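Colleague:
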Amino acid sequence: MLVDAELESRLSAIVGAEFVRTDAGAMEPWLTDWRGRYTGRARAVVFPASTEQVAEVVRLCAEQDIPMVPQGGNTGLCGGGTPLDDGVSVVINVSRMKTIRRVDAAAYTMIAEAGTTLADVQRAAAEAGRLFPLSLAAEGSCEIGGNVSTNAGGVQVLRYGNMRDLVLGIEVVLPDGRIWHGLRTLRKDNTGYDLKQLFIGAEGTLGIVTAVALKLYAQPSARSTAWVQVASPDAALSLLGRLRDSCGDRLTAFELIGYEALGLVLHHMPDVRAPLQGEQPWAVLVELADAGCEDELRGRLEAALESVMETGMVQDAVIAQNTAQAKALWALREAIPEAQKREGVSVKHDIALPLDRVGAFLQRAGDALEAYWPGVRIAVFGHLGDGNLHYNLSCSAAEENQLLLERSGVLNRIVYDIVDALNGTISAEHGLGQLKREEIRRYRSELELEMMGAIKRTLDPRGLMNPGKLI
Ligand SMILES: Cc1cc2nc3c(=O)[nH]c(=O)nc-3n(C[C@H](O)[C@H](O)[C@H](O)COP(=O)(O)OP(=O)(O)OC[C@H]3O[C@@H](n4cnc5c(N)ncnc54)[C@H](O)[C@@H]3O)c2cc1C
Numbered sequence: 053m054l055v056d057a058e059l060e061s062r063l064s065a066i067v068g069a070e071f072v073r074t075d076a077g078a079m080e081p082w083l084t085d086w087r088g089r090y091t092g093r094a095r096a097v098v099f100p101a102s103t104e105q106v107a108e109v110v111r112l113c114a115e116q117d118i119p120m121v122p123q124g125g126n127t128g129l130c131g132g133g134t135p136l137d138d139g140v141s142v143v144i145n146v147s148r149m150k151t152i153r154r155v156d157a158a159a160y161t162m163i164a165e166a167g168t169t170l171a172d173v174q175r176a177a178a179e180a181g182r183l184f185p186l187s188l189a190a191e192g193s194c195e196i197g198g199n200v201s202t203n204a205g206g207v208q209v210l211r212y213g214n215m216r217d218l219v220l221g222i223e224v225v226l227p228d229g230r231i232w233h234g235l236r237t238l239r240k241d242n243t244g245y246d247l248k249q250l251f252i253g254a255e256g257t258l259g260i261v262t263a264v265a266l267k268l269y270a271q272p273s274a275r276s277t278a279w280v281q282v283a284s285p286d287a288a289l290s291l292l293g294r295l296r297d298s299c300g301d302r303l304t305a306f307e308l309i310g311y312e313a314l315g316l317v318l319h320h321m322p323d324v325r326a327p328l329q330g331e332q333p334w335a336v337l338v339e340l341a342d343a344g345c346e347d348e349l350r351g352r353l354e355a356a357l358e359s360v361m362e363t364g365m366v367q368d369a370v371i372a373q374n375t376a377q378a379k380a381l382w383a384l385r386e387a388i389p390e391a392q393k394r395e396g397v398s399v400k401h402d403i404a405l406p407l408d409r410v411g412a413f414l415q416r417a418g419d420a421l422e423a424y425w426p427g428v429r430i431a432v433f434g435h436l437g438d439g440n441l442h443y444n445l446s447c448s449a450a451e452e453n454q455l456l457l458e459r460s461g462v463l464n465r466i467v468y469d470i471v472d473a474l475n476g477t478i479s480a481e482h483g484l485g486q487l488k489r490e491e492i493r494r495y496r497s498e499l500e501l502e503m504m505g506a507i508k509r510t511l512d513p514r515g516l517m518n519p520g521k522l523i
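Using this note's numbering, read the sequence shown as starting at 53 and increasing by one per residue.
#1: Write down the C-beta distance between V13 and M361 rounded to the nearest angstrom, noting that I regard them as a contact closer than 8 Å.
#2: For H435, does the three-state DSSP call read helix, strand or coil?
#3: Identify every residue that forms a DSSP beta bridge with M162.
#4: S193: beta carbon under 8 Å from a heavy atom of ligand 1?
#5: Thinking C-alpha only, which one of V200, D297, D228 and V207 is nearest A265?
#6: Please state if the CB of I523 and the CB of T487 are separated by a distance shorter than 9 Å.
#7: Please report the Cβ distance between G253 and G483, rounded to the nearest whole angstrom; I am assuming they are in contact, meaning their Cβ atoms lie under 8 Å.
#8: Less than 8 Å between the CB of D85 and some heavy atom of ligand 1, yes or no?
#9: To the nearest angstrom, how far is it from the Cα of L235 to the Cα of E223?
#10: So is A305 buried or exposed if we call it buried at 16+ other beta carbons inside 10 Å?
#11: Tell whether a beta-carbon distance below 9 Å holds between L349 and R296.
#12: Got a sec? Which residues, its chain only, sit under 8 Å from A356 by beta carbon, not counting five neighbours each side?
#13: Report yes if the C-beta distance between F433 and L318 is below 9 Å; otherwise report no.
#14: Answer yes or no: does any C-beta atom of chain D fall closer than 9 Å to that of D217?
#15: When burial is assigned at 16 or more other CB atoms within 10 Å of the CB, is H435 buried or exposed?
#16: Express the C-alpha separation of V428 and R216 in angstroms, rounding to a whole number.
#17: Can you have a look at N242 and say buried or exposed, based on whether 16 or more other CB atoms are within 10 angstroms of its CB?
#18: Hey, would you say N475 sits closer than 9 Å to G256, going by beta carbons?
#19: What separation, rounded to the nearest whole angstrom, lies between the Cα atoms of L390 and E422?
#20: I want to check one thing, is the minimum distance from the CB of K521 to the heavy atoms of ligand 1 below 8 Å?
#21: Could you work out which residue in V109, I430, L407 and A420 is closest to K400 when comparing CA atoms only?
#22: Report buried or exposed for P285, applying the criterion of at least 16 other Cβ atoms within 10 angstroms of its Cβ.
#23: Can you check which of these residues, R385, H320 and S359, is closest to A335 by C-alpha distance?
#24: Please tell me whether V146 and Q116 are closer than 9 Å, where the distance is taken between their beta carbons.
#25: Among R93, P119, P81 and G77, which residue has its Cα nearest to the Cα of M53?
#26: What whole-angstrom Cβ distance do I388 and L316 have, given they're in contact under 8 Å?
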């Protein structure tokens, strides 16, 4: 067993002394998650600059039986990238690995290293006249390796799918330090088990992703965005059906925003304004994208919304007339997580339901929570087009925050049991991390847990890769 000073010197020999932190204060930014919910301890935080350096660090840790915590932009919402409190692991942060190795516009592919931020991947695609469609509010900070490892979703899944649908190949350092060079860019490859899928959504428990081959799309030349007020989630779902019928694949985003969530943004973000007057309980942010000209697309959206207005499904709507207005509408939606953070403690649920069960869920969960804790605040927003809701609970008085945390187990049980009874999932896009590693035992079958355990034991028999996360 290496003493701390020896470990530091061996890690420094691999990545350079300035890229190894061992002092508690110097490690601090990488030991706490974005929400501030988890804080861990580690022997070192290390920043390798290449796949070979990652492999060397992993080999050293494996040889010394040191647990490892892979980390990217540290924007995860389940504590997956935060070490446990036992202080025995090494955090391996890949943020220095930012090279875009190749963009092939003709083949619609790109190869990017794991530490490239999502925004930089999007930019590199745009510079080549292509689109990388994954999009989420943390895109300036989250990294493509983290996006792969959490199988990130975001606001364009409806049209383009989640991260799993956007990965063609992957390069991974396995828990024993061997490198799997799986960076193929093929659209078709039926040569046995599709191994890359194991690492997508594995939350760093099976290895460290060092580079990814990505699918690109044609860059739409026109976008049209609208903020639409609806009376209920059921009305929002009817609107979704009508827009899909009339606009087909042009519909790229369909985001539900409950008034409680919007209220937090209006309260905490002084620069934003509500797009429409009146406290309607629900709004939907709709976006269409297509080739062709903006006026034509806006006309199409206008016509579609006018036709549903007559049915009473839609109460009021505003369509952005230019890019600045569209950005302002998106800013309202994207500010919700930050506004919630500023508001204080909340018990978050990232759930997904079959579309025809969303209304039943909201009704049943709302009633059950109100019966358990009259007055509990429920902020709902999310990617309704994917059946994915962020269903977050808080209390109206700050002095009740401690009680909220104490009751979080019961609150989770109420919400998740209803989700499960309606054939939904307790984690739609954020993963399990530390937050839901116990919950999953209740909501996945013995057989599913056994298969997951078998995969973990095969690739990481000594359990060194991100222990205490996911399973
Ligand atoms: C404001 C805000 C909005 C968000 N909106 C969305 C959203 O709409 N949709 C969505 O899906 N998520 C969303 N998220 C969550 C988060 O941004 C995503 O989960 C993102 O994919 C995490 O990437 P990261 O680089 O920050 O990963 P990290 O937080 O560093 O890590 C997340 C997990 O992946 C593992 N990991 C990271 N990098 C690697 C690697 N190279 N190899 C192996 N394992 C690795 C970590 O161990 C950890 O388990 C949001 C977060 C914030 C703060």
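C-beta atoms are modelled at their ideal positions from N, C-alpha and C, and glycine is treated no differently.
Small disclaimer: the values here were computed from a predicted structure and weren't measured.
Modeller: Here's the rundown:
#1: Since the first and last residues shown for the chain are 53 and 523, residue 13 lies out of range.
#2: For the purposes of this step, residue 435 is taken as the residue at position 383 of the sequence shown. Residue state, collapsed to three classes: strand.
#3: Stepping through the sequence shown from its first residue, residue 162 is reached at position 110. M162 pairs with V155 and L266.
#4: Within the sequence shown, the letter at position 141 stands for residue 193. Result yes, Cβ under 8 Å from ligand 1.
#5: Counted from its first residue, the sequence shown places residue 265 at position 213. Selected option, being the one with the closest Cα: V200.
#6: Along the sequence shown, read from residue 1 onward, the residue named residue 487 stands at position 435. Along the sequence shown, read from residue 1 onward, the residue named residue 523 stands at position 471. Residue identity check: residue 487 is Leu in the sequence provided, not Thr. Their beta carbons are not under 9 Å apart, which means L487 does not touch I523 by this criterion.
#7: As a first step, residue 253 is located in the sequence shown; it is residue number 201 there, counting from the start. As a first step, residue 483 is located in the sequence shown; it is residue number 431 there, counting from the start. At roughly 7 Å, the Cβ-Cβ gap stays under 8 Å, so G253 and G483 are in contact.
#8: Residue mapping note: residue 85 aligns to position 33 of the sequence shown, counting from 1. Yes.
#9: Within the sequence shown, numbered from 1, the residue matching residue 235 stands at position 183. Within the sequence shown, numbered from 1, the residue matching residue 223 stands at position 171. Between L235 and E223, the C-alpha separation is close to 6 Å.
#10: Here residue 305 refers to the residue found at position 253 of the sequence shown. It counts as buried.
#11: Within the sequence shown, residue 349 is the residue found at index 297, counting from 1. Within the sequence shown, residue 296 is the residue found at index 244, counting from 1. No, they are not a contact pair.
#12: The residue you call residue 356 lines up with position 304 of the sequence shown. Closer than 8 Å at the Cβ level, and outside the excluded window around A356, lie R294, L295, S298 and C299.
#13: Within the sequence shown, the letter at position 381 stands for residue 433. Within the sequence shown, the letter at position 266 stands for residue 318. For F433 and L318, no; Cβs fall outside 9 Å.
#14: The question asks about chain D, but that chain is absent: this structure has only one protein chain.
#15: For the purposes of this step, residue 435 is taken as the residue at position 383 of the sequence shown. Buried, because 16 or more other Cβ atoms sit within 10 Å of the Cβ of H435.
#16: Here residue 216 corresponds to residue number 164 of the sequence shown, with the count starting at 1. Here residue 428 corresponds to residue number 376 of the sequence shown, with the count starting at 1. In a straight line, the C-alpha of R216 is about 36 Å away from that of V428.
#17: Position 190 of the sequence shown, counted from the first residue, corresponds to residue 242. Under this definition N242 is an exposed residue.
#18: Start at 1 with the first residue of the sequence shown, and residue 475 comes out as number 423. Start at 1 with the first residue of the sequence shown, and residue 256 comes out as number 204. No, the pair does not count as a contact, with Cβ atoms beyond the cut-off.
#19: Your numbering for residue 390 matches position 338 in the sequence shown. Your numbering for residue 422 matches position 370 in the sequence shown. It should be pointed out that residue 390 corresponds to Glu in this sequence rather than to Leu. Each residue's Cα considered, the two are about 26 Å apart.
#20: For the purposes of this step, residue 521 is identified with residue 469 of the sequence shown, where counting begins at 1. K521 Cβ: within cutoff of ligand 1.
#21: The residue given as residue 400 occupies position 348 in the sequence shown. That would be I430, whose Cα lies nearest to the Cα of K400.
#22: For the purposes of this step, residue 285 is identified with residue 233 of the sequence shown, where counting begins at 1. With 16 or more other Cβ atoms within 10 Å, it is buried.
#23: Taking the first residue of the sequence shown as 1, we reach residue 335 at position 283. Comparing Cα positions, the closest option is R385.
#24: In the sequence shown, residue 146 corresponds to position 94, counting from 1. In the sequence shown, residue 116 corresponds to position 64, counting from 1. Taking 9 Å as the Cβ cut-off, V146 and Q116 do not qualify as a contacting pair.
#25: Within the sequence shown, the letter at position 1 stands for residue 53. Closest by alpha carbon: P119.
#26: Counting from one through the sequence shown, the residue named residue 388 turns up at place 336. Counting from one through the sequence shown, the residue named residue 316 turns up at place 264. Contact holds; Cβ gap of about 7 Å.
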